[in-house]
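In our numbering, the protein residues as written are 0 to 503.
Take a look at the structure:
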C-alpha cells in the first residue's frame, strides 16, 4: 500500500511519507476517509438494541441486528482509512474487537437477558451517621433496568467493561469481590450466570487485605506517571531506529555500540524495546477507566464504580511465567482484558460436540479459538494500517503458532513427569527452564508480529505530547520538548451533502 520507495532520513519524515500515501489513496478512490458520525453507527446500533425491551427483540431480530452491526464494522475495516497510520490501524483493531464483542454478547449470549452487575444500594440514613458504619449500604445483583437513565448507565458500563469485574460474566482470572460484598450476594440473582459465579468464588483463595479507594487511586496515578515516563523513554529509543519506522531490514541501530552490533543481539534488543513499549502502552491505557471513576469516588452518579476493588492490576504476577512458562505467560501474566470475547465462540462448539468443558480436548479447543480470535484482532490492525503489511503471514500466524508453543511445553513436562524426572528438578531450575522456553519461543515467533507492526507505522504513533528525554537532546536532532503535530480533525464537505463528515 505504501507507495514511497525513497527511504526517510528521520521518523518525522517517515510520518509525512505515510500522510502522503494516505492522501494518494483517498484521492484515487481506493479508500474513503474514516469520519463521524458514520463511524459511530455500529456502536449506536448496539445501544439501540439494548434500549429496546427484550420482548420486542426475539432471537431472529437480535441475530439480524447483530450481523448488520458487524457488517458495518467490517465495512469500516476494509474500505476506510484514517490519515495517521497508527490511528488507521487502531480503527481496524477497534472495529474487529467490536465484531467479536457483538459475537460474544449478542449472538453466543444475549447480554440483555443473561447479564447482571453488582450495584450499591444506599438507603436513607440518620443525620450525622455514616452510611457504611450503620449498615445502610447494601449490594445486590442488578439485571438491565427498566428506567431509561439507569438502563443507559447499565449499557454504557457493559460496553466499557472489558474483563467483567463486578458482573456475573467476569473472567476467571479476576479476584472475587471483598467478603463484605460477597456475603450480601449469597442469594443469587434471577439469572443462572449469577449462580455460577457464586460457586466459582467459593473456590478462590482467601481475601487479600482490601485497599481503600483513595489508596488505589493514588497507586493508579503513580502508575500513570511512571507509564508516561517509560513510554517517553521507549519512544525516544524507537524514534532513532529506522527499524521502528518500518525499515525492518535496517541492521545497525544507532543506540547500540559497535561491539554489540551482532544480528542476534540487535534482534533481541529490538524485541525487548517493542515488548516493553506494548506492555507500558497497554498498562497505561487500562489505567484511564479506573482513573476516571476513582477520581469521582463518592459521587452518586458513579456509585459502586468508585470503589477500588473493581480495578485490580490488569497484568498478573511474573511468577506465573517462572512457574508455568508459556502457558503462564498467556493465561496469567499478560493482560486478560479480551478473554471473554476470545473464549465465548468456543462455548457453543464444545456444547455441540458434546464434550466435557473441563476435559483436555475442550481446554485445547478453547485455547486455540482464543488465539485465533486474538490473531484476527491483530490482523485487522495490520489490514487497517497504511504501510506495507502482511496480516495473514504476520500477526495472524504469530497468534496461531502460540498454542503449538504451549502444547510443546506441556508435552515436555508430561514426559518428565511420566519418567519420574520431575522430582529431580529444583523449583529454581524449573523456573529458569520455563523462562528460557518463553524467551526462545518469543525470539522465534515474535518478529512475525513486531515487524508487521513496524511496517504498518504503529511505532510511529506519538503517545506523549511532551517529551522530557527528547527535549534534553537524547533523541533525533529535529526532536524537541513538544511532540504532537499535524492535522487533528477536519470537516470534509467536498462531496455530496449526505456524505459530510468529520475526518481524522
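Glycine residues also receive a C-beta, built at the ideal position from the N, C-alpha and C atoms.
What span of residues does the beta strand (DSSP E) with residue i cover, start to end?
i           : result
residue 510 : As displayed, the chain neither begins before 0 nor continues past 503, which places residue 510 out of reach and without an answer.
residue 118 : 116 to 121
Between residue i and residue j, what straight-line distance do the alpha-carbon atoms span, to the nearest angstrom?
i           : j           : result
residue 400 : residue 444 : 8 Å
residue 10  : residue 17  : 11 Å
residue 473 : residue 236 : 9 Å
residue 114 : residue 57  : 17 Å
residue 88  : residue 157 : 25 Å
residue 432 : residue 275 : 22 Å
residue 535 : residue 36  : A question about residue 535 goes unanswered here, because the residues of the chain that appear run from 0 up to 503.
residue 168 : residue 33  : 33 Å
residue 266 : residue 70  : 39 Å
residue 477 : residue 95  : 36 Å
residue 388 : residue 80  : 14 Å
residue 279 : residue 141 : 35 Å
residue 221 : residue 354 : 46 Å
residue 44  : residue 166 : 23 Å
residue 73  : residue 374 : 16 Å
residue 183 : residue 135 : 12 Å
residue 529 : residue 426 : Nothing about residue 529 can be read from this structure; the chain reaches only from 0 to 503.
residue 249 : residue 256 : 15 Å
residue 259 : residue 21  : 37 Å
residue 116 : residue 351 : 29 Å
residue 284 : residue 86  : 15 Å
residue 412 : residue 251 : 39 Å
residue 60  : residue 460 : 40 Å
residue 24  : residue 347 : 41 Å
What do you reckon, are the CB atoms on residue i and residue j nearer than 7 Å?
i           : j           : result
residue 327 : residue 282 : no
residue 273 : residue 84  : no
residue 174 : residue 311 : yes
residue 92  : residue 379 : yes
residue 336 : residue 162 : yes
residue 437 : residue 320 : yes
residue 381 : residue 402 : no
residue 584 : residue 111 : A query on residue 584 cannot be resolved here, the shown segment of the chain reaching from 0 to 503 and no further.
residue 361 : residue 349 : yes
residue 118 : residue 137 : no
residue 463 : residue 287 : no
residue 342 : residue 357 : no
residue 31  : residue 78  : yes
residue 49  : residue 154 : yes
residue 339 : residue 314 : no
residue 447 : residue 398 : no
CB-CB under 6 Å to residue i, same chain, minus the five flanking residues each way: which ones, in chain order?
i           : result
residue 404 : 325 and 440
residue 19  : none
residue 371 : none
residue 53  : 111 and 112
Among the residues of its own chain, which have a CB less than 7 Å from the CB of residue i, if the five just before and after it don't count?
i           : result
residue 131 : For residue 131, the predicted structure reports a pLDDT of 46, less than 50, and the residue's modelled location is therefore unreliable. A value from the coordinates is still provided. Excluding sequence neighbours, residue 131 sits near nothing in its chain.
residue 453 : 242, 243, 245 and 247
residue 28  : none
residue 7   : 13, 16 and 244
residue 38  : 75
residue 62  : 106
residue 479 : 469 and 470
residue 434 : 320 and 321
Assuming residue i contacts residue j (C-beta within less than 8 Å), just tell me the rounded distance between them.
i           : j           : result
residue 302 : residue 212 : That pair is no contact at about 12 Å.
residue 270 : residue 442 : 7 Å
residue 455 : residue 386 : 5 Å
Within a Cβ cutoff of 8 Å, which residues of the same chain sit near residue i, ignoring the five residues on either side of it in sequence?
i           : result
residue 294 : 216
residue 316 : 331 and 332
residue 254 : 236, 239 and 240
residue 219 : 286, 289, 290, 293 and 310
residue 164 : 173, 309, 310 and 311
residue 232 : 468
residue 465 : 480, 481 and 482
Could you spell out the range, first to last residue, of the alpha helix (DSSP H) harbouring residue i?
i           : result
residue 262 : 262 to 284
residue 74  : 58 to 78
residue 404 : 396 to 417
residue 91  : 84 to 101
residue 446 : 426 to 454
residue 239 : Counting along the chain, residue 239 falls outside any alpha helix (DSSP H), and DSSP gives it neither H nor E.
residue 22  : 10 to 26
residue 383 : 359 to 383
residue 295 : Run containing residue 295: none; DSSP gives neither H nor E here.
residue 347 : 345 to 351
residue 508 : Look at the range of the chain in this structure, 0 to 503, and you will see that residue 508 is not part of it.
residue 323 : 318 to 323
residue 517 : Nothing in the structure corresponds to residue 517, since the chain is present only between 0 and 503.
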